[in-house]
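Q: My structure is below; once you've seen it, I'll send some questions.
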Amino acid sequence: MKAVVFSLGCKVNQCEGQSMIAALQQNGVAATDKLEQADVYVLNTCSVTAEADRKSRQAVARALKLSPQARIYVCGCSSQNAPQAFAEKAGVCYVSGTAQKQDIVAHILRGADTCGAAVTDVRPLPQVFENAPLPQHTKTRSYIKIQDGCNNFCSYCIIPYLRGRSRSRSLSGIADEARAAARTTREIVLTGINASAYGSDIGLSAVDLVRALGDIPVRKRFGSLECTAVTDELLQAMAQSGFCDHFHLSLQSGSESVLRRMNRHYTPNFFLSRVQAIRKVFPHAGITTDVITGFCGETEEEFSQTEAFVQAARFSELHVFPYSERAGTKAASMPQVDKHIRCERANRLIALGERLRDRFIQNQFGRVHEVYAETEEDGLTAGYTANYIKVYSSVPVGQLGKVTFEKPYKDGVKGVKYEE
3 MKAVVFSLGC KVNQCEGQSM IAALQQNGVA ATDKLEQADV YVLNTCSVTA EADRKSRQAV
63 ARALKLSPQA RIYVCGCSSQ NAPQAFAEKA GVCYVSGTAQ KQDIVAHILR GADTCGAAVT
123 DVRPLPQVFE NAPLPQHTKT RSYIKIQDGC NNFCSYCIIP YLRGRSRSRS LSGIADEARA
183 AARTTREIVL TGINASAYGS DIGLSAVDLV RALGDIPVRK RFGSLECTAV TDELLQAMAQ
243 SGFCDHFHLS LQSGSESVLR RMNRHYTPNF FLSRVQAIRK VFPHAGITTD VITGFCGETE
303 EEFSQTEAFV QAARFSELHV FPYSERAGTK AASMPQVDKH IRCERANRLI ALGERLRDRF
363 IQNQFGRVHE VYAETEEDGL TAGYTANYIK VYSSVPVGQL GKVTFEKPYK DGVKGVKYEE
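Be aware that the sequence shown starts at 3, since it is given in my numbering, and climbs by one per residue.
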């Protein structure tokens, strides 16, 4: 039997999918994360936007096109949100949500499910962290899930309703996976639905986690952090524990009034103070961020405040998204900005982000950088520096190598081997 576990959306979903692959392989099933011909498909869905829901439903048709007689199992945020949208589709035999995803493996191994009438088994949201088999890492970097759920309830976000409250993985479980990963990778990325909340439910903190990983001989980074988690103590611990000088801080807006409507729990001035604190400890840090344009009621003046803030913070890269309504959130009932305006503002901010990225890269010329090569592209390898600049070079895939920057190239730079 061959199985495909196809995960859409965030890195947490990817980690959970890799755990299912590992469990299937341990039971003699040939399993992969590539969408190709198979006897069984597990579709691990995403619901962060309406477009993510659409792609999740579309994945059923994609699987059936490859293997019309296959059995299809569905789990994840989109099926937690709307299980019937999947249960009524041809080929689907089992639909669950975000809880106890690993139980799907037992269903597959029993082989008793039929596609005549899908079984819907969406369970209550978990109250504690659900452990899973160590994942089968298929990427050059290893992503390690440290936390699940979120307590923030931003007014635009549906994920807390689909993933539940924040719950943390044990320090020992994370450290064990990190040590196992260090045998095959040179970098680990700590990820969660809200990684900044790590430890708050089990009497620990992100500082404890960082220190616990200090002796593991790989590069380390957080996938994302809230600015409210970036304390001076955390920064010092990261500097002492081999963490990369790259911080992805979710901004969403540089306007204080928009942040209040979003139910984000900080001000632009506080965010900027954390950016400055990072640069005191990590002078060459790459600081990337997410921004939503055209959020409910956003005026041109409020958008201009975001533009000015982005320039003041000197981000190294922006991820820009026009606001997308999600039914079931508080923001869905607020006054909406015209979609054309949302997109026009997004385009303006994307252009600004590209200028800031180019400026950041230019300021990094003349230094020696360590690159972790991950893929091959056009006769070169591509990977990232510790401060998250994409470098095309001759460093072999899977290896760390020192380079200097030669010239801007594609979406990054071309690097040449550093000769000591």
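Glycine included, each C-beta is placed from N, C-alpha and C at the ideal position.
(1) Assign G19 to one of two classes, buried (16 or more other C-beta atoms within 10 Å of its C-beta) or exposed (fewer than that).
(2) By the 10 Å Cβ neighbour count, where 16 or more other Cβ atoms means buried, how is F311 classified, buried or exposed?
(3) Residue range of the beta strand (DSSP E) that A40 falls in?
(4) Following the continuous alpha helix (DSSP H) through H342, name the residue where it begins and the one where it ends.
(5) Enumerate in chain order the residues of its own chain whose CB-to-CB distance from V339 is below 8 Å, with the five nearest sequence positions on each side excluded.
(6) For T290, tell me which candidate among E356, S9 and L382 has the shortest Cα-Cα distance.
(7) Taking only three categories from DSSP, how would you classify G19?
(8) Helix, strand or coil: how does DSSP classify V50 here?
(9) Please classify D178: is it buried, with 16 or more other beta-carbons within 10 angstroms of its beta-carbon, or exposed?
(10) I'd like the span of the alpha helix (DSSP H) that includes D247, first residue to last.
(11) Kindly indicate the opening and closing residues of the alpha helix (DSSP H) around Q307.
(12) Quickly, what does DSSP pair D105 with across the bridge? List them, please.
(13) Closest to T122 by CA distance: which of V76, Q102 and G166 is it?
(14) Is the CB-CB distance between A61 and F131 below 9 Å?
(15) Check whether the region 305 to 321 and the region 330 to 338 touch, using three or more Cβ-Cβ pairs below 8 Å as the test.
(16) Measuring alpha carbon to alpha carbon, tell me which residue in R169, I110 and A54 is nearest A33.
(17) Taking all protein chains shown into account, decide if V399 is buried (16 or more other Cβ within 10 angstroms of its Cβ) or exposed.
(18) Return yes when the Cβ of T193 is within less than 9 Å of the Cβ of K141, no when it is not.
(19) From the DSSP output, in three-state form, read off Y394 for me.
(20) Since I believe S243 is in contact with L215 (beta carbons under 8 Å), could you give me their beta-carbon distance rounded to a whole number of angstroms?
(21) Could you tell me the boundaries of the alpha helix (DSSP H) in which L261 lies?
(22) Check this for me: beta carbons of I74 and G93, under 9 Å apart or not?
(23) I think S207 touches L227, with their Cβ atoms under 8 Å apart; what is that distance to the nearest whole Å?
(24) Run through DSSP, which three-state label would K57 get?
(25) Taking the alpha-carbon of R56 as reference, which of L66, A87, Q149 and V42 has the nearest alpha-carbon?
(26) Whose C-alpha, out of C152, K103 and A120, is nearest the C-alpha of A134?
(27) Give the DSSP-derived three-state secondary structure of E132 in the structure shown.
(28) For A231, which residues in the same chain have their Cβ closer than 7 Å to its Cβ, ignoring the five residues on either side in sequence?
(29) Tell me, please, whether the region 359 to 367 touches the region 405 to 417 by the rule of three or more beta-carbon pairs shorter than 8 Å.
(30) Here's a check: name, in chain order, each residue in its chain whose Cβ is nearer than 7 Å to the Cβ of Q91, leaving out the five neighbours to either side.
A: On the basis of the supplied data:
(1) For the purposes of this step, residue 19 is taken as residue 17 along the sequence shown, with counting starting at 1. Buried, by the Cβ-count rule.
(2) Within the sequence shown, numbered from 1, the residue matching residue 311 stands at position 309. So F311 ends up on the buried side.
(3) As a working note, residue 40 is residue 38 in the sequence shown. First-last for A40: undefined, no H or E at that position.
(4) Position 340 of the sequence shown, counting from 1, holds the residue named residue 342. That run of the alpha helix (DSSP H) goes K341 to Q364.
(5) Here residue 339 refers to the residue found at position 337 of the sequence shown. Excluding residues within five positions, the ones whose Cβ falls inside 8 Å are G296, F297, C298, G299, E300 and Y325.
(6) The sequence position of residue 290 within the sequence shown is 288, counting from 1. Residue E356 is the option with its Cα nearest to T290.
(7) In the sequence shown, the residue the question calls residue 19 occupies position 17. Note: G19 maps to helix in three-state DSSP.
(8) In the sequence shown, residue 50 corresponds to position 48, counting from 1. Coil at V50, not helix or strand.
(9) Along the sequence shown, read from residue 1 onward, the residue named residue 178 stands at position 176. By the neighbour-count rule (16 or more Cβ atoms within 10 Å), D178 is not buried but exposed.
(10) As a first step, residue 247 must be located in the sequence shown, where it is residue number 245. Run containing D247: none; DSSP gives neither H nor E here.
(11) In the sequence shown, residue 307 corresponds to position 305, counting from 1. It spans E302 to A315 - the alpha helix (DSSP H) in which Q307 sits, taken as one unbroken run.
(12) The count along the sequence shown starts at 1 and reaches residue 105 at position 103. None, per the DSSP bridge assignment.
(13) Residue 122 sits at position 120 when you count from the first residue of the sequence shown. Answer by Cα proximity: V76.
(14) Here residue 61 refers to the residue found at position 59 when the sequence shown is read from its first residue. Here residue 131 refers to the residue found at position 129 when the sequence shown is read from its first residue. No, the pair does not count as a contact, with Cβ atoms beyond the cut-off.
(15) no
(16) Position 31 of the sequence shown, counted from the start, is the residue given in the question as residue 33. A33 has its Cα closest to that of I110, out of R169, I110 and A54.
(17) Along the sequence shown, read from residue 1 onward, the residue named residue 399 stands at position 397. By the 10 Å Cβ count, V399 comes out exposed.
(18) Within the sequence shown, the letter at position 139 stands for residue 141. Within the sequence shown, the letter at position 191 stands for residue 193. No, the Cβ-Cβ distance between K141 and T193 is not below 9 Å.
(19) Numbered from its first residue, the sequence shown carries residue 394 at position 392. In the structure shown, Y394 sits in a strand (DSSP, three-state: E or B).
(20) Here residue 215 is taken as the residue at index 213 of the sequence shown, counted from 1. Here residue 243 is taken as the residue at index 241 of the sequence shown, counted from 1. The pair is a contact, with the Cβ atoms about 6 Å apart (cut-off 8 Å).
(21) Translated into positions along the sequence shown, residue 261 becomes position 259. It spans E258 to M264 - the alpha helix (DSSP H) in which L261 sits, taken as one unbroken run.
(22) What you label residue 74 is simply residue 72 of the sequence shown in a count that begins at 1. What you label residue 93 is simply residue 91 of the sequence shown in a count that begins at 1. Yes. Within cutoff.
(23) Position 205 of the sequence shown, counted from the start, is the residue given in the question as residue 207. Position 225 of the sequence shown, counted from the start, is the residue given in the question as residue 227. Not a contact, Cβ separation roughly 13 Å.
(24) Your numbering for residue 57 matches position 55 in the sequence shown. K57: helix per DSSP, three-state reduction.
(25) One-based indexing of the sequence shown puts residue 56 at position 54. Of the candidates L66, A87, Q149 and V42, the one whose C-alpha sits nearest the C-alpha of R56 is A87.
(26) Mapped onto the sequence shown, residue 134 falls at position 132. Closest option to A134, Cα to Cα, is K103.
(27) By one-based count along the sequence shown, residue 132 stands at place 130. In this structure, E132 counts as coil in the three-state DSSP scheme.
(28) Here the question's residue 231 lines up with position 229 in the sequence shown. Around A231: S198 and A208.
(29) yes
(30) The residue you call residue 91 lines up with position 89 of the sequence shown. First, the residue type needs correcting, since residue 91 is Lys and not Gln in the sequence shown. Result list for K91: V62, in chain order.
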